[in-house]
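Here the protein sequences line up with chains A, B and C, keeping their order. Anchor point for the first sequence: position 151 equals 156 in this note's numbering, and the numbering is continuous, going up by one each time. Anchor point for the second sequence: position 148 equals 478 in this note's numbering, and the numbering is continuous, going up by one each time. Anchor point for the third sequence: position 279 equals 327 in this note's numbering, and the numbering is continuous, going up by one each time. Each residue gets a CB set at the ideal place from its N, CA and C atoms; glycine is no exception. The structure presented is a predicted model; accordingly, all values stated were derived computationally and were not measured.
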Amino acid sequence: MTETSQTATEPGLSRRMVEILVALVLMGLAGLVLWDSYERGAGWDAGPQNGFFPARVGWILLIAAAAALVSAVRREDSVFVTYGQLRMVGSVFAPLFLYVLAIEFVGIYTASALFMAVFMVMLGEFRWWQTLLAVVAVPLVAFWVFEIQFRLSLPKGPVEAMLGF
Amino acid sequence: MQSIVKAALAATLLPVGPALAWEPTKPIEIIVPFPPGGSSDQMARTIQGAIQKNNLVSQPIIIVNKPAAAGGEAMLDIQKSAGDPHKLITTSSGIYMTPLATKLPVSWKNFTPVAMMAQDAFLLWVNASTPYKTAGDFVAAAKAANPPLKTGGNGSKREDHLISVTMEQAAGIKITYIPYQGGGPSSVQLAGGHIDANMNNPAEEIANWRSGAVKPLCVFSDKPLGYTQKITADMSWADVPTCVSQGLDVNYQMLRGMFMPGKVTPEQQAFYVNLFKKVTETADWKAYVERNALVPDFRSGDAFVSFLTTDEQKHKDLMGKAGFIGTN
Amino acid sequence: MDDLHQLMLGFQVALSWTNVMFMIVGVLLGIVVGVLPGLGGPNGVAILLPLTFGMDPTSAIILLSSIYWGALFGGAITSILFNIPGEAWSVATTFDGYPMAQQGKAGEALTAAFTASFIGALAGVILITFVAPLVAKFALRFGPAEFFGVFFLTFCSFIGMGKENKAKIVASLAIGFLLAAVGLDTISGDLRLTFGVSELIKGFDFLVVVIGLFGVSEILLTIEEGLHFKGKKAQIDLKVVLRTWAALPRYWATLIRSSIVGMWMGVTPGGAIAASFMGYGLAKRFSRTPENFGRGEIEGVLAPETAAHAAGTSALLPMLALGIPGSATAAVLLGGLMIWGLQPGPLLFIENKEFVWGLIASMYLGNVAGLLIVLATVPVFAAIMRIPFALVAPIILIVCAIGAYTVESSRFDIWLMLVFGVIGYIFKKLDYPLAPLVLALVLGDRAEDAFRQALLGSGGNLSVFFSNGLVSTLMVMGLALLFWGPLSAGTGFLRRRLAPARSAPLGR
C-alpha cells in the first residue's frame, strides 16, 4: 500500500541502508538470544532444556537475517521513505513519543488532553472551540468509562491527586 | 484451632481503636498474582463481593490480575508501591517460593502482612479407574513402575511440584512431574488418564470427584479436613485420611493471605486487619470456605508474622532439598 | 427428543422480561469492551461478577454470557476500521477487513464479520445443545502430545503461502517465537531471555505487541500519504447489509469449514485465537484465488470470524460439562458458577437442568439480539471514517495507549506499544510479513510447553507424537498441509520468479 515507485525520484532514505540496518539488528538480537540460551543450557536432557528452542530459533533467525542482508546488498537500491514523508511521519511520531513520556509524569488523562491539543492544532484545521471541546471531552469520557464504569485504575498524576483520585 | 483464633482476635482487637482514625479515600486495589478464574482470583472476588454486599467499606474495591512470572510481577509492583495504603495483594506460598526459585529481588519482609484468611490443603488424587485404594498402594505401584509414574500440576517449582519431589524423597520412589498451566488443566489431564496422579487443592478436583472421574487417596495435612458433609455417595472430606497416617510422610498446607505494600502506617494496617476480620464473619465468606474445603485459620499481627517466618523456613528447607532454589 | 423438550423449557426461562433485558444490557456492554483494545470479555465479566452474587444464577449467567457474545462481536469493529484488533481473536480479521475498509467497503466488511460471527456462534450452540456429553468426553482424550498436534496443525495450515521473501517470512516467524519465549518458562520454572531486566519478566503480551504492530504503525503509514483516511467514501446506509447477505451463500464452503474448525478448537480447547488463524489459513488454501487474500477479500473476513465465534461459543461446553475453562472469559464465568453455589462438571447437566438449559437457550437468543444490535450500528461505525483524521487519529492513539496499559496495568507496556509501532512501520515498508510473527507469538510458547510436557511424559521419546490414532492423525494432517502448499504453489512460484516485476507487498 505504500509502494515507493511513484516517489522514487524524490530524495529520501536509502532502502538498502534500512534493510541492512534491520538485518544487522536482527542478527544482533539472535546473538543475544544464543548467548542467553547456551548460558542456561540448550541441550537435550530427557526432553529439551529451557534454552533448547530459543537457541534453535536463534540460529534460524541468525541465518534468515543473514540471507535478508545478502539479498538487500545484491538488489537494486530504492527509496525507503522520502524526506517529505519522513517529516510527516515525524510530525505524528514526535507528539506521540512526548505523549508516552508525559504519561509517566502527569498521568494518562492530562497527557491525553495535551496530546489532543497538540495534534489538532498542529495537524488539523479546526475552530478553537472544536479543539477545546475535544481536548476537554476525550479525557473526561475516558475517565468516565475506565475509572468510573470499569473500575480500572489508569496512570494518574498530580492533577488527579489534587482532585482526590 | 480455637485458641489460635482467639489469639489472633486479641492481636486484632488491640489496635481497633486507632483503626477508626484512618479510612480509605480512594478505590482499593486488590492485586491478584494469578489469572482470572483461578483459586486466588476467586478468593479475591469473594472478598470483593462480601465487602460490597455488606457495605463494609465506602470505597469501591478493584481487582487487578497480574499473573506474569508466577506472581513475580505483582510482587515487584507491591514492592514499588511502598507507602500506598490503597493497594493489597492476595498471597499463597508463592510469596516465598517465587523469589526463591527465580531470584527476583522481592521479599515479603518488605511488605506489610495484613492477615491470613485461611489455609488450603492438598490431596493426592488418582484416576477413579485405577486400583489404588491407599497412599501405600500408590507408593508400591510407583516403586514397581518403569517408566516412572507421572504426576502433573500447577507449574514448575510451585507448591504441588514441591509435594511431588518431597514425596519422591520420603518414599524413595521416582516420579515424573509434568508442569501444566494450572490446577484446572492438571485436573482434566488426570480425568483423561494422561497422568497417574496430581496433588490438587480440594476446590480444583471436587467436580471430578463428585462425577466419579477421580478419587482422593490422602490429604497432605496433619489432620483430616473438618467437613463431614457427604461429597460423593459415601465419602466426605473428613473421610480422607492423612498421608502421614498411611505411611507417606509428607505434610504440606498453603496459606491464603493478604499483604499491603511496605511503609504503611499502623492505623492503615489496622483498618484492613479489622476489615478482613469482618469479611471472615460474613455468610458469603463462610459459604466460600466450606465450598472450597479451606482450613479456616484467621491470623493477623504477630501470630501471622511468626507463622510466615516458620513457613518460609520450611519452604527454604524443602526447596533446598528439592533443588528448586534459583541460581540465575 | 428429551433435549429438545428441555430446550423449550429453557427458552421459557430465558424469555422472561428481566432476562431479555439482561441480555440486551450484556450485549451492549460486551460490544464496548470488545471495541476497546486491552479491555476484553474477561474484564467485562469480571467487573460485573460481584454485582451478580445476589442474583438468580440463571439471570446472572445470562447477563454475563451476553457480555461474552457482545465482546466476540465487538472485537471485529476496530480491526476493520482502524486495523487495531479489539480482541486477540480478531487479528486475522484485520488481514482482509482493513483493506476492505480502505477500499470504501467498511459496511460490507462489518456486515460480513458480524454475520459470520453469528453463524459461527450458532454452530457452536447447536453443538452444545445436541452433543454436549459426547463431545465433553472427547476433550478428555487431549494430552500434551495431542495439544501439540493441534498447534502444529494450526501453524501448518497458516504458513507456507506467503509471497514475501522467504528469508523474511522465516525471520518474522522466528521473532514471534522468541518474543513468546521471554519471561518465566512454565516447564523449568526459570526465567529466560530477560537479561536481568525486571520489566521483561512478564514477557511480551500478545495484545500490546499487536496494538503497536498493527494499530500504531498503521497511523504512521497513513500519515505518509497525507492527513486523511483512505476509506472515506464508505457506504453508510443499511442497504449494504442486505447486499452483503445476498452474496454470502456463495461462501457456504468457507462458512462450514470455519464453523467446524472453530467448534473443534473451542472444545479441545485450542481456543478462539488459534481457531481464527486456522480458519483464515484454510480459507486461503482452499480458495481458487488465494492471491486476493490480504487485499480485501470478503472470504478473508468471513473465515476467521466464523471460526473465532464458533470456538468462543464451544469453549463454554468444556466449562459446563467438565469444569475446564476453554477461554479466559470462560474461566471467570467458571469462578462465577462456583460463587453462585453451582458446581461445574458432569453433574451440572443433571443437578441444575433449568440453569443449563436456560443458559443454552440464552445463547441462541443472546446471539440473535447481538446480531441485530451490531448490524444496526454498522452505519454509525462506517461513518467514523468520515471524521477528520486530525481528530480521530489522536483518539485512536490514546485508546491504543490505554489499551496497552490495561492489559497488565503496566506503564512499560505503553513504551513497548510505541516501540512495536515503529517496528511495524519499518517491517511493513520492508515487506517483512507480520502475520507469521503474530501467530508464533500467540501459539509459540503454548506449542513449546505442550511439546516438552509430552516429552517429559514419554521420557524423551519422540514417538509419543505418533503414539495413538488421534495424535497421529493431527500430525499427518499438519505435515500434509505443510508440504501441500509448496507443491501446489511450486509451479506458480516458478512463474513469478521468472516475471520481472517485484511482487507487491502484502503489507501484513
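Checklist entry - Could you check where the beta strand (DSSP E) with Phe441/B kicks off and where it finishes? => result Numbered from 1 along the second sequence, position 111 holds the residue referred to as residue 441/B. Careful: Phe441/B lies outside any beta strand (DSSP E) and carries neither H nor E.
Item to check | Residues within the stretch 392–406 of chain C neighbouring chain B, beta-carbon criterion of under 7 Å | outcome: Pro392, Gly393, Pro394, Leu395
Item to check | Supposed contact pair Gly260/C and Leu466/C - C-beta distance, whole angstroms, cut 8 Å | outcome: Start at 1 with the first residue of the third sequence, and residue 466/C comes out as number 418. Start at 1 with the first residue of the third sequence, and residue 260/C comes out as number 212. Right, their Cβ atoms sit about 7 Å apart.
Next on the checklist: Under DSSP, the alpha helix (DSSP H) around Leu386/B begins and ends at which residues?
Outcome noted: The residue given as residue 386/B occupies position 56 in the second sequence. No alpha helix (DSSP H) contains Leu386/B, which DSSP labels as neither H nor E.
Item to check | Cross-chain neighbours of Glu359/B in chain A, by beta carbon under 9 Å | outcome: Residue 359/B sits at position 29 when you count from the first residue of the second sequence. Here the neighbours are Ser158.
Checklist entry - Going by the beta-carbon positions, is the gap between Gly656/B and Asp238/C smaller than 8 Å? => result For the purposes of this step, residue 656/B is taken as the residue at position 326 of the second sequence. For the purposes of this step, residue 238/C is taken as the residue at position 190 of the third sequence. Their beta carbons are under 8 Å apart, which means Gly656/B touches Asp238/C by this criterion.
Item to check | Secondary structure of Cys659/B, DSSP reduced to three states | outcome: Since the displayed chain B opens at 331 and closes at 658, residue 659/B lies outside it and no answer follows.
Checklist entry - Between the stretch 23–40 of chain A and chain B, which residues of the former have a C-beta closer than 7 Å to a C-beta of the latter? => result none
Item to check | Cβ-based neighbour list, Gly46/A, same chain, cut-off 6 Å, excluding 5 preceding and 5 following | outcome: Within the first sequence, residue 46/A is the residue found at index 41, counting from 1. The answer, listed in chain order, is Gln54, Gly56.
Checklist entry - Sorted by chain position, which residues of the same chain lie with C-beta nearer than 8 Å to Leu555/B's C-beta, five sequence neighbours on each side aside? => result Numbered from its first residue, the second sequence carries residue 555/B at position 225. Excluding positions up to five away in sequence, the list reads Ala451, Pro532, Val549, Trp567, Ala568, Val570, Ala623, Val625.
Checklist entry - Which of the three DSSP states, helix, strand or coil, is assigned to Tyr507/B? => result Here residue 507/B corresponds to residue number 177 of the second sequence, with the count starting at 1. Note: Tyr507/B maps to strand in three-state DSSP.
Next on the checklist: Can you give me the C-alpha to C-alpha distance between Ala215/C and Ala69/A, rounded to a whole angstrom?
Outcome noted: Position 167 of the third sequence, counted from the start, is the residue given in the question as residue 215/C. Position 64 of the first sequence, counted from the start, is the residue given in the question as residue 69/A. Using only the alpha carbons, I get a separation of about 5 Å.
Next on the checklist: Cβ closer than 8 Å: which chain C residues qualify as neighbours of Ile393/B?
Outcome noted: Taking the second sequence and counting its residues from 1, one reaches residue 393/B at position 63. Those within 8 Å of Ile393/B in chain C are Ala94.
Next on the checklist: For Ile235/C, tell me which candidate among Lys616/B, Asn484/B, Thr572/B, Lys504/B has the shortest Cα-Cα distance.
Outcome noted: Counting from one through the third sequence, the residue named residue 235/C turns up at place 187. Minimum Cα distance to Ile235/C is reached at Asn484/B.
Item to check | Pair within 8 Å by beta-carbon distance, Asp253/C and Val490/C | outcome: Working through the third sequence from its first residue, we reach residue 253/C at position 205. Working through the third sequence from its first residue, we reach residue 490/C at position 442. No. Outside cutoff.
Next on the checklist: By DSSP's criteria, Ile358/B is part of a beta bridge. Which residues make up the other side?
Outcome noted: Counting from 1 along the second sequence, the entry for residue 358/B is found at position 28. Ile391/B.
Next on the checklist: Going by beta-carbon coordinates alone, are Ile408/C and Val183/C separated by less than 8 Å?
Outcome noted: Translated into the one-based positions of the third sequence, residue 408/C becomes position 360. Translated into the one-based positions of the third sequence, residue 183/C becomes position 135. Against a cut-off of 8 Å, the Cβ pair of Val183/C and Ile408/C comes out as no contact.
Checklist entry - What residues from chain C crowd round Arg45/A, counting only those whose CB sits closer than 8 Å? => result Counting from 1 along the first sequence, the entry for residue 45/A is found at position 40. Per Cβ cutoff of 8 Å: Asp238, Arg240.
Checklist entry - What residue does the alpha helix (DSSP H) around Val404/C start on, and which one ends it? => result In the third sequence, the residue the question calls residue 404/C occupies position 356. Val404/C -> alpha helix (DSSP H) spans 401–432.
Checklist entry - Ser76/A touches chain C at which residues, Cβ-Cβ below 8 Å? => result Locating residue 76/A in the first sequence gives position 71, where the first residue counts as 1. Those are Asn213, Ala215, listed as they occur along chain C.
Checklist entry - Are the CB atoms of Pro394/C and Ala378/C nearer to each other than 8 Å? => result On the third sequence, residue 394/C is found 346 positions in, with the first residue counted as 1. On the third sequence, residue 378/C is found 330 positions in, with the first residue counted as 1. No.
Next on the checklist: For Ala72/A and Gly89/A, I'd like the C-alpha separation in whole angstroms.
Outcome noted: Taking the first residue of the first sequence as position 1, residue 72/A is located at position 67. Taking the first residue of the first sequence as position 1, residue 89/A is located at position 84. Those two C-alpha atoms are separated by around 31 Å.
Next on the checklist: Can you list, in chain order, the residues of its chain with a C-beta nearer than 7 Å to that of Gly63/A? Leave out the 5 residues immediately preceding and following it.
Outcome noted: The residue given as residue 63/A occupies position 58 in the first sequence. Excluding positions up to five away in sequence, the list reads Ala35, Val38, Leu39, Ser42.
Checklist entry - Measuring CA to CA, which of Ala363/C, Ala356/C, Val179/C is closest to Gly122/C? => result The count along the third sequence starts at 1 and reaches residue 122/C at position 74. With distances taken between Cα atoms, Gly122/C lies closest to Ala356/C.
Next on the checklist: Contact between the stretch 397–409 of chain B and the stretch 637–655 of chain B is defined here as three or more beta-carbon pairs at a separation below 8 Å; is this criterion met?
Outcome noted: no
Next on the checklist: Can you list, in chain order, the residues of its chain with a C-beta nearer than 6 Å to that of Pro390/B? Leave out the 5 residues immediately preceding and following it.
Outcome noted: Here the question's residue 390/B lines up with position 60 in the second sequence. Result list for Pro390/B: Pro357, in chain order.
Checklist entry - How would you list, in chain order, the residues of chain B whose beta-carbon sits under 9 Å from the beta-carbon of Gly169/A? => result Mapped onto the first sequence, residue 169/A falls at position 164. Ordered by position in chain B, the residues that pass the 9 Å Cβ test against Gly169/A are Thr355, Lys356.
Checklist entry - Can you list the residues of chain B that Glu456/C reaches, using a CB-CB cut of under 8 Å? => result Along the third sequence, one-based indexing puts residue 456/C at 408. Chain B residues near Glu456/C: Lys396, Ala398, Glu403.
Checklist entry - What first and last residue would you give for the alpha helix (DSSP H) that runs through Lys607/B? => result Counted from its first residue, the second sequence places residue 607/B at position 277. Start and end: 596–610.
Item to check | Cutoff 8 Å: Glu109/A Cβ touching any chain C Cβ | outcome: Your numbering for residue 109/A matches position 104 in the first sequence. For Glu109/A, the answer is yes, since a Cβ of chain C falls inside 8 Å of its Cβ.
Item to check | At least 3 beta-carbon pairs within less than 8 Å: the stretch 292–302 of chain C vs the stretch 339–353 of chain C | outcome: yes
Checklist entry - Do you know whose CA, among Ser511/C, Glu496/C, Phe195/C, lies nearest Ala60/A's CA? => result Residue mapping note: residue 60/A aligns to position 55 of the first sequence, counting from 1. The shortest Cα separation from Ala60/A among Ser511/C, Glu496/C, Phe195/C belongs to Glu496/C.
Next on the checklist: At the 8 Å Cβ level, is Gly112/A part of the contact set with chain C, yes or no?
Outcome noted: In the first sequence, counting from the first residue as 1, residue 112/A sits at position 107. With 8 Å as the cut-off, Gly112/A does not count as an interface residue toward chain C.
Checklist entry - Could you give the uninterrupted runs of the alpha helix (DSSP H) lying entirely in the stretch 299–373 of chain C, keeping only those of 4 residues or more? => result 300–315, 320–334, 347–362, 364–370
Item to check | DSSP-derived helix/strand/coil call for Thr562/B | outcome: As a position in the second sequence, residue 562/B is number 232, starting the count at 1. Coil.
Checklist entry - Looking at chain A, which residues of the stretch 377–390 of chain B have a Cβ within less than 9 Å of any of its Cβ atoms? => result Pro390
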